[in-house]
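Report on the following structure.
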Amino acid sequence: MNLSPVVIAIPIYFLLMGIELIVLRFQENPSYRLNDAITNINLGVMSQVTGVFIKVLSIGVYTLVFENFALMQIQSNIWTFLLLFFLYDFCYYWAHRMSHEINLFWGGHVVHHSSEEYNLSVALRQSSTQTLWTFFFYLPLALIGFDPISLVLVSGLNLLYQFWIHTEAIDRMGFLEKFMNTPSHHRVHHGRNPKYIDKNHGGTFILFDKWFGTFKEEEERPTYGITTPVKSWNPVWVNISHYSSMKEELGQIHNWKDRIRYLFKKPGWLPDYLGGYRAPKEVEPNYEKFTTTMPNPLNYYVFFQYVLLMGLTAFFLFNLDTFGILSKILISGLIVWSTVSFSGIFEQSKWYHVQEVLRITIFSLFIWYVGGEMLSENIMWIVLSVYAFVSYFWLWLNLNTVKKFQAQIQNNTQNA
Numbered sequence: 001m002n003l004s005p006v007v008i009a010i011p012i013y014f015l016l017m018g019i020e021l022i023v024l025r026f027q028e029n030p031s032y033r034l035n036d037a038i039t040n041i042n043l044g045v046m047s048q049v050t051g052v053f054i055k056v057l058s059i060g061v062y063t064l065v066f067e068n069f070a071l072m073q074i075q076s077n078i079w080t081f082l083l084l085f086f087l088y089d090f091c092y093y094w095a096h097r098m099s100h101e102i103n104l105f106w107g108g109h110v111v112h113h114s115s116e117e118y119n120l121s122v123a124l125r126q127s128s129t130q131t132l133w134t135f136f137f138y139l140p141l142a143l144i145g146f147d148p149i150s151l152v153l154v155s156g157l158n159l160l161y162q163f164w165i166h167t168e169a170i171d172r173m174g175f176l177e178k179f180m181n182t183p184s185h186h187r188v189h190h191g192r193n194p195k196y197i198d199k200n201h202g203g204t205f206i207l208f209d210k211w212f213g214t215f216k217e218e219e220e221r222p223t224y225g226i227t228t229p230v231k232s233w234n235p236v237w238v239n240i241s242h243y244s245s246m247k248e249e250l251g252q253i254h255n256w257k258d259r260i261r262y263l264f265k266k267p268g269w270l271p272d273y274l275g276g277y278r279a280p281k282e283v284e285p286n287y288e289k290f291t292t293t294m295p296n297p298l299n300y301y302v303f304f305q306y307v308l309l310m311g312l313t314a315f316f317l318f319n320l321d322t323f324g325i326l327s328k329i330l331i332s333g334l335i336v337w338s339t340v341s342f343s344g345i346f347e348q349s350k351w352y353h354v355q356e357v358l359r360i361t362i363f364s365l366f367i368w369y370v371g372g373e374m375l376s377e378n379i380m381w382i383v384l385s386v387y388a389f390v391s392y393f394w395l396w397l398n399l400n401t402v403k404k405f406q407a408q409i410q411n412n413t414q415n416a
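If you want it as structure tokens, here you go:
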């Protein structure tokens, strides 16, 4: 069984999001949108399933350094654990800060900042590539002598702490604001207002930002998101959009020296002959968030399918050690494909209906394969047949509704 603190806490995440929804409703704060929240969770799902493979690299390198180059082996007890927790957050601060200040690294971290809302679901909006650019910041801990198991535990707890600070439901927290990272401090970090950009990088503690000059107090409510919105619900595109922009801009740069500088300079940097550094601009007063609309029956359909996908994902992550490498690849591929298919429904892509019909078929066959030993063959056949029939009928029933809905939107746009 997978004993990662992050995986074990999955049910708690959803419980807390439910509580937050209720609190925000009483506060009349509409900071949740279904398409945005599901995209956030999709990105968290993608991060976890791709992390099954990428973390082999990061933990593997850490273990290699620890076993071959550690200056000592630190015994595990409550005091060394607390010391490691503090030192880990120090390393996290620099990994996080460099992820904002180095263009290539920002390609991994930008995913987390690309939501234009701020709620607990945003905490789950994690990158599938960030580990590639940050794992080496923690190698000094291996050299000191902290073992890999302790590191995994501390990193999980550090990430768990950061979940609850992604909310507008909690205001200032008095004395804690002086040394801990809080919702107020982290709201600043997610602001795209120029004065808020690249501030408050700490994970658990805000002390490092105060010591190293990157602290900013929350003043007016931030405008959340990034200076160039990604404008998509597709989790794969959200993960690669910045790299795609980098590829285009690298093609405009004339020489290799400037291309290398472009990779490691701040996001927004270009050589002088291409206009130089593009500083963040103030948010325009008439700025509108990216959104798409679709009929409520399709929203309910996505939610229904998503609950089932979360069940498969939780089963996969909790029982990771029981799957072979081929099964891991196939299940991960199915999960990622499903998240992309849901984004196609949200964006009303031309291909969404055909792809979703195909996905339902393969999803049903896969559940038959994975869960064949959990239920009798007859019961499994009945359950999956009902699931497939309901899903197909639901999609077919909404085809005309979607066409009428799109025609109405188009007429409203033309009349406006």
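Terminal number for the sequence shown in full-length UniProt numbering: 416, no gaps in between. Using N, Cα and C, we set each Cβ at its ideal position, and we do this for glycine too. If you're wondering where the values come from, they're calculated on a predicted model, not measured in any experiment.
Task: Enclosing alpha helix (DSSP H) for residue 79 [first to last residue] - done: Residue 79 -> alpha helix (DSSP H) spans 78-101.
Open item on the list: Taking a contact to mean a Cβ-Cβ separation below 7 Å, would you say residue 228 touches residue 280 in this structure?
Closed with: Their beta carbons are not under 7 Å apart, which means residue 228 does not touch residue 280 by this criterion.
Open item on the list: Could you check whether residue 145 and residue 48 sit closer than 7 Å to each other, using their CB atoms as the reference points?
Closed with: No, Cβ-Cβ distance for residue 48 and residue 145 is not below 7 Å.
Task: Runs of alpha helix (DSSP H) lying entirely within the region 346-398, each at least 4 residues, in chain order - done: Annotation: the region 346-398 contains the following complete segments of the alpha helix (DSSP H) (minimum length 4 residues), in chain order: 352-371, 377-397.
Open item on the list: At the level of alpha carbons, what is the spacing between residue 333 and residue 241?
Closed with: A direct Cα-to-Cα measurement between residue 333 and residue 241 gives close to 20 Å.
Task: Three CB pairs or more closer than 8 Å across the region 81-89 and the region 149-158 - done: Between the region 81-89 and the region 149-158 there are three or more C-beta pairs closer than 8 Å, enough to call the two in contact.
TODO: Check residue 173 in the structure and name its three-state DSSP category.
DONE: In this structure, residue 173 counts as coil in the three-state DSSP scheme.
- [ ] Count the other C-beta atoms from every protein chain shown that fall within 10 angstroms of the C-beta of residue 28, then say buried if there are 16 or more, exposed otherwise.
- [x] Under the 10 Å beta carbon count, residue 28 is surrounded by fewer than 16 other beta carbons and is classified as exposed.
Open item on the list: On the DSSP letters alone, give me the boundaries of the alpha helix (DSSP H) that residue 193 sits inside.
Closed with: Note, residue 193: premise wrong, no alpha helix (DSSP H); not H, not E.
TODO: Report the residue from 68, 66, 286, 104 whose alpha carbon sits nearest the alpha carbon of residue 263.
DONE: Nearest Cα to residue 263 within the set 68, 66, 286, 104: 104.
Open item on the list: Between the alpha carbons of residue 32 and residue 26, how many angstroms are there, rounded?
Closed with: Roughly 13 Å between the two C-alpha positions.
Task: Boundaries (first-last residue) of the alpha helix (DSSP H) holding residue 201 - done: Here residue 201 belongs to no alpha helix (DSSP H), and DSSP marks it neither H nor E.
Task: Cβ-based neighbour list, residue 299, same chain, cut-off 7 Å, excluding 5 preceding and 5 following - done: Around residue 299: 34.
Open item on the list: Quick check: what's the CA-CA separation for residue 473 versus residue 40?
Closed with: Because the chain spans 1 through 416 in this model, residue 473 falls outside it and cannot be assessed.
TODO: Identify the continuous alpha helix (DSSP H) that holds residue 247 and give its terminal residues.
DONE: Residues 235-252.
- [ ] Scan the region 282-347 and note each continuous alpha helix (DSSP H) run of 4 residues or more that stays entirely inside, going in chain order.
- [x] Runs found: 296-318, 325-346.
Open item on the list: Can you look up residue 224 in the DSSP assignment and give me helix, strand or coil?
Closed with: Residue state, collapsed to three classes: strand.
Open item on the list: Quick check: what's the CA-CA separation for residue 399 versus residue 127?
Closed with: For residue 399 and residue 127, the distance between alpha carbons rounds to 34 Å.
TODO: Classify residue 447 as buried or exposed, calling it buried when 16 or more other Cβ atoms lie within 10 Å of its own Cβ.
DONE: No answer is possible for residue 447: the residues shown for the chain start at 1 and end at 416.
Task: Reduced DSSP category for residue 17 - H, G, I as helix; E, B as strand; rest coil - done: Assigned with DSSP and collapsed to three states, residue 17 falls in helix.
TODO: Have a look at residue 116 and residue 193 and give me their C-alpha separation to the nearest angstrom.
DONE: Rounded to the nearest whole angstrom, the CA to CA distance from residue 116 to residue 193 is 12 Å.
- [ ] Report the rounded CA-to-CA distance for residue 52 versus residue 394, giving the unit in angstroms.
- [x] Cα to Cα, residue 52 sits roughly 34 Å from residue 394.
TODO: Please report the residue range of the alpha helix (DSSP H) in which residue 53 lies.
DONE: Its alpha helix (DSSP H) spans residues 34-69.
Task: Residue ranges of each alpha helix (DSSP H) within the region 129-180, 4 or longer - done: Segments of the alpha helix (DSSP H) lying fully in the region 129-180: 130-134, 139-144, 148-163.
Task: Rounded Cβ spacing between residue 201 and residue 97 (contact assumed at less than 8 Å) - done: Sure, about 4 Å apart at Cβ, within 8 Å.
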